[in-house]
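The structure under discussion appears below in the form of structure tokens.
Number of protein chains: 2
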Amino acid sequence: MSRSFDLSVYLVTDRPLCQGRDLLDIVGQAVRGGVSMVQLREKMADTREFVELARALKAMLAPQGVPLLINDRVDVALAAGADGVHVGQGDMHVLDVRRILGPRAILGLSTDTLEQVLEAEGLPVDYYGVGPVFPTSTKTDFSHQPWGIEGLRRLRPRISRPMVGIGGVDVGNAARIVSAGAEGVAVVSAICSAPSPKDAARALAKAVAVGRGS
Amino acid sequence: MSRSFDLSVYLVTDRPLCQGRDLLDIVGQAVRGGVSMVQLREKMADTREFVELARALKAMLAPQGVPLLINDRVDVALAAGADGVHVGQGDMHVLDVRRILGPRAILGLSTDTLEQVLEAEGLPVDYYGVGPVFPTSTKTDFSHQPWGIEGLRRLRPRISRPMVGIGGVDVGNAARIVSAGAEGVAVVSAICSAPSPKDAARALAKAVAVGRGS
Chain Y
1 MSRSFDLSVY LVTDRPLCQG RDLLDIVGQA VRGGVSMVQL REKMADTREF VELARALKAM
61 LAPQGVPLLI NDRVDVALAA GADGVHVGQG DMHVLDVRRI LGPRAILGLS TDTLEQVLEA
121 EGLPVDYYGV GPVFPTSTKT DFSHQPWGIE GLRRLRPRIS RPMVGIGGVD VGNAARIVSA
181 GAEGVAVVSA ICSAPSPKDA ARALAKAVAV GRGS
Chain W
1 MSRSFDLSVY LVTDRPLCQG RDLLDIVGQA VRGGVSMVQL REKMADTREF VELARALKAM
61 LAPQGVPLLI NDRVDVALAA GADGVHVGQG DMHVLDVRRI LGPRAILGLS TDTLEQVLEA
121 EGLPVDYYGV GPVFPTSTKT DFSHQPWGIE GLRRLRPRIS RPMVGIGGVD VGNAARIVSA
181 GAEGVAVVSA ICSAPSPKDA ARALAKAVAV GRGS
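Residue numbers (the UniProt record's numbering), protein chains in the order written: chain Y, 1 to 214; chain W, 1 to 214.
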């Protein structure tokens, strides 16, 4: 069994979207605002830099009790002592990830289609990143239609793991995503590019709470 | 202690340099010609494809007793059951690699300068990839002068681990590289782009033998 985790406001990092600001500073602010989980996603860094960044984030997040997941790179997660890994459909297969990281690691999987989610129900995954919920400019390689709020609502009774909605999420739609059955929302630009990452995280946390109550 | 290995003719793969031919086929031919070690280097593949390629190579090489190393990616090595990892100066630190892979993995390090080799003498590395020996077009990111044959000769008495010369290596200079104190030669295009990878490997193996005798 993986350790427990809280998907409410799940920050996926993107250094280019930080607009020149320091990533650690952005994440630190976001956590003070209420981010409950962080995924370090680095597509340009070399491995040495990626590990150093992951270590610095882990050192900052551990005292806050906020888990750090690494996008794609199981080796970086091992080197930095991260809490888990988030993989996409083209990344390492979750069976391999689980075998390497062991039962206590948190393992998330991106699922773009109903077929992918249903297949993952038979795999050792802890949560699904379901997206895109809405059209988004952060990732441009989606080959599938957005799920929409109704898509999430129809998906919920068919799956056994928590899901987090990602893609086009902002403070204006977060409540509806959670109300539709998602455990939380995953955001990139809504926090990384926000004038105040702390205020943005706080507003998202409130919206998620509203969504749960409705 | 890492397992024993033979650096004589060390093939570093490069799919673009295979000129449209199948990588597994090239490597298979090269091994029949005398390649003693293979490093899978993939800079473009996603992780899933990288792992699949590594597994296919491992299945092919294991019966031949030829070790498979993975360039940079410790996670891919773990997933595919490769024999070790080769890292560069910007990849994961060898202390981290060794900790993750354990004492039996073969661990190679690229060293571009005397300072880097001497620093590595205190680290848990099994061999050095010393390069470039000559100017080369395969890697264009070298910020340092080629070692030259004399550079290798002066380096040899200062180090305790075997080294393999890389960069601009071909059948015409392999004997001199080994004669200067290298355990073997690492080649990319000299095999990947050769009309007959098997003949190219065989000629390199002969040159290495000549270099040892001289």
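Here a beta-carbon is modelled for each residue, glycine too, at the ideal position from N, C-alpha and C. Model, not experiment: these values are computed from the prediction.
A check of alpha carbon separations from GLY184(W) across THR136(W), CYS192(W), ASP199(W), GLY167(W) identifies GLY167(W) as the nearest. Assignment of GLN39(Y) by DSSP, reduced to helix, strand and coil, places it in the strand class. Here DSSP, grouped into helix, strand and coil, assigns ILE177(Y) to helix. Sequence-distant Cβ neighbours of SER214(Y) in its own chain, meaning closer than 6 Å and more than five residues away, are SER179. Setting aside the 5 residues that flank it on each side, VAL74(Y) is surrounded in the same chain by VAL85, MET92, VAL97, ILE100, LEU101, each with a C-beta closer than 7 Å to its C-beta; the list follows chain order. For THR136(W), not one C-beta of chain Y is nearer than 8 Å to its own C-beta. Ranking ALA82(W), VAL133(W), ALA79(W) by CA distance to the CA of GLY148(W) puts VAL133(W) first. Between the beta-carbon of GLY165(W) and that of ALA186(W) there is about 7 Å, and that keeps the pair under the 8 Å contact cut. ASP91(Y) reaches chain W at ASP46, THR47, ARG48, counting residues in chain order whose Cβ is nearer than 9 Å.
Under the three-state reduction of DSSP output, LEU114(Y) falls in the helix class. Across the structure, VAL188(Y) and ALA82(Y) are spaced so that their CA atoms are roughly 19 Å apart.
GLY20(Y) and ARG55(Y) have their alpha carbons spaced roughly 21 Å apart. About 5 Å separates the beta carbons of GLN39(W) and VAL12(W), which is inside the 8 Å limit, making them a contact pair.
In the displayed model, ILE70(W) falls within a strand according to three-state DSSP.
Excluding the 5 residues flanking it on each side, ARG3(W) has same chain C-beta neighbours closer than 8 Å at PRO67, ASP83, ARG104, ILE106, in chain order.
The beta carbon of LEU68(Y) sits no closer than 8 Å to any beta carbon of chain W. From the listed residues VAL76(W), VAL130(W), LEU109(W), ALA80(W), the smallest Cα separation to GLY90(W) is found for LEU109(W).
Using a Cβ distance threshold of 8 Å, ALA205(W) and GLY34(W) count as a contacting pair. Within 8 Å of the CB of ILE100(Y), the CB atoms of chain W belong to ASP75, LEU78, ALA79, in sequence order along the chain. DSSP, read as helix, strand or coil, puts LEU123(W) in coil. At a cut-off of 8 Å between beta-carbon atoms, ASP199(Y) makes no contact with chain W. Against chain Y, the CB of VAL185(W) has no partner CB under 8 Å away; the residue lies outside that interface.
The C-beta distance from THR47(W) to VAL76(W) rounds to 7 Å, short enough to meet the 8 Å contact threshold. Within the segment 112-124 of chain Y, no residue has its Cβ closer than 8 Å to any Cβ of chain W. Contact of ASP96(Y) with chain W by beta-carbon distance below 7 Å involves VAL51, ALA79.
Rounded to the nearest whole angstrom, the C-alpha separation of GLY88(W) and ALA174(W) is 22 Å. Contact between PRO197(Y) and ILE26(Y) holds: their C-beta atoms lie close to 5 Å from each other, under 8 Å.
Boundaries around LEU11(Y) are those of the beta strand (DSSP E), 9-12, since no alpha helix (DSSP H) includes it. Residue-level contact check: ASP72(Y) touches chain W, since one or more beta carbons of chain W fall below 8 Å from its beta carbon. With fewer than 16 other Cβ atoms inside 10 Å of its own Cβ, GLY122(Y) counts as exposed. Around the beta carbon of ARG156(W), a 10 Å sphere encloses fewer than 16 other beta carbons of the protein chains shown; the residue is thus reported as exposed. According to the DSSP assignment, ILE166(Y) belongs to the beta strand (DSSP E) that extends over 163-166. THR111(W) sits close to ALA120(W), with the two beta carbons spaced by under 8 Å. Counting the other Cβ atoms within 10 Å of the Cβ of ALA59(Y) gives fewer than 16, which makes it exposed. When DSSP states are grouped into helix, strand and coil, ALA45(Y) belongs to the coil group.
When C-alpha distances from THR136(Y) are compared across ARG153(Y), PRO146(Y), PRO63(Y), the shortest belongs to PRO146(Y).
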